[in-house]
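Quick note: the sequence shown uses our numbering, first residue 520, plus one each step.
For each residue, glycine too, the CB sits at the ideal point set by N, CA and C.
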Amino acid sequence: MLKEIFWGEAIKLASPYPYVLAVTVDREGKPNAIGLGWWTYVSWEPPMIAIAVGPKRYSYECLEHCGEFVLAYPAEDQWKGAWHCGTVSGRGRNKLAEAGLKTVPAKVVKPPLIEGATVCYECRVVERMRTGDHELFIADVVAIHGDPGKPKHLYSIGYEKLAALSHDELRTLARR
Ligand SMILES: Cc1cc2nc3c(=O)[nH]c(=O)nc-3n(C[C@H](O)[C@H](O)[C@H](O)COP(=O)(O)O)c2cc1C
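Okay, here's the thing in structure tokens:
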């Protein structure tokens, strides 16, 4: 039976959410990655993605400076490094190296792709909107990369746990 619950409880109850990394570069060109649950597709044609980033994050500064990001779906075998990116700030340290995540140059944008990820979207910010205590960075997708051999990727359960799922492990309920 439905009952009134708190915001934090609802967010946990409504999980899992696809957990992604947004890779940016800082003023010195050093790549950094932030773990994100608050992101969404916002247009099919042209393809567009929005991410919500808190202004205290180092990634916020990097986004302001470079105006581009790579949104990467880490694969199951990258869970440790992906979790590190969501729990430690990259300010003054090389978070990607600590996380054991290797990068490869992107096709169009300055931030690199995460090698071994399931999907990477290269994104260029076209608009920003302050939303309470976060800021929405709305971006055009300018190039797309994927590895069908790495279908199992990550989901966050609340903010405490990560899980991995592939399409085959989900119970199909409707089909077109
Ligand atoms: C499951 C999970 C989801 C998260 N989602 C977001 C998010 O959507 N937006 C955000 O600003 N921070 C989010 N965070 C927190 C950042 O990943 C975290 O503060 C990170 O250390 C920031 O790194 P940076 O300072 O290098 O940018 C999330 C963390 C976790 C564990």
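Three-state secondary structure (DSSP) of residue i
{"i": "lysine 680", "result": "strand"}
{"i": "threonine 691", "result": "coil"}
{"i": "isoleucine 524", "result": "coil"}
{"i": "threonine 650", "result": "strand"}
{"i": "alanine 616", "result": "helix"}
{"i": "glutamate 634", "result": "coil"}
{"i": "tryptophan 602", "result": "helix"}
{"i": "alanine 552", "result": "strand"}
{"i": "alanine 625", "result": "coil"}
{"i": "glutamate 583", "result": "helix"}
Residues sharing a beta bridge with residue i, DSSP
{"i": "aspartate 659", "result": "Met567 and Arg643"}
{"i": "proline 537", "result": "Tyr674"}
{"i": "leucine 532", "result": "In DSSP, leucine 532 forms no bridge with anything."}
{"i": "tryptophan 558", "result": "Ile570"}
{"i": "histidine 686", "result": "According to DSSP, which records beta bridges pairwise, histidine 686 is partnered with nothing at all."}
{"i": "proline 544", "result": "For the sequence presented, residue 544 should be read as valine rather than proline. Answer is Pro550."}
{"i": "glycine 665", "result": "Val638"}
Separation of residue j from residue i, as counted between CA atoms
{"i": "cysteine 639", "j": "valine 589", "result": "6 Å"}
{"i": "aspartate 545", "j": "leucine 521", "result": "46 Å"}
{"i": "alanine 601", "j": "alanine 571", "result": "18 Å"}
{"i": "arginine 695", "j": "proline 670", "result": "21 Å"}
{"i": "leucine 689", "j": "alanine 683", "result": "11 Å"}
{"i": "alanine 541", "j": "isoleucine 633", "result": "10 Å"}
{"i": "glycine 677", "j": "tryptophan 557", "result": "12 Å"}
{"i": "isoleucine 657", "j": "leucine 681", "result": "26 Å"}
{"i": "tyrosine 592", "j": "glutamate 528", "result": "25 Å"}
{"i": "glutamate 679", "j": "lysine 531", "result": "9 Å"}
{"i": "valine 661", "j": "tyrosine 560", "result": "14 Å"}
{"i": "aspartate 659", "j": "leucine 692", "result": "32 Å"}
{"i": "aspartate 596", "j": "tyrosine 536", "result": "18 Å"}
{"i": "cysteine 642", "j": "isoleucine 524", "result": "36 Å"}
Status (buried if at least 16 other CB within 10 Å, exposed otherwise) for residue i
{"i": "leucine 620", "result": "buried"}
{"i": "arginine 576", "result": "buried"}
{"i": "lysine 626", "result": "exposed"}
{"i": "serine 562", "result": "exposed"}
{"i": "proline 631", "result": "buried"}
{"i": "proline 624", "result": "exposed"}
{"i": "glycine 605", "result": "buried"}
{"i": "serine 578", "result": "buried"}
{"i": "histidine 672", "result": "buried"}
Closer than 7 Å: residue i CB and nearest ligand 3 heavy atom
{"i": "histidine 686", "result": "As far as ligands go, the structure on display features ligand 1 and does not contain ligand 3."}
* Validate contact between the stretch 643-657 and the stretch 607-621 using beta carbons, cut 8 Å, 3 pairs -> no
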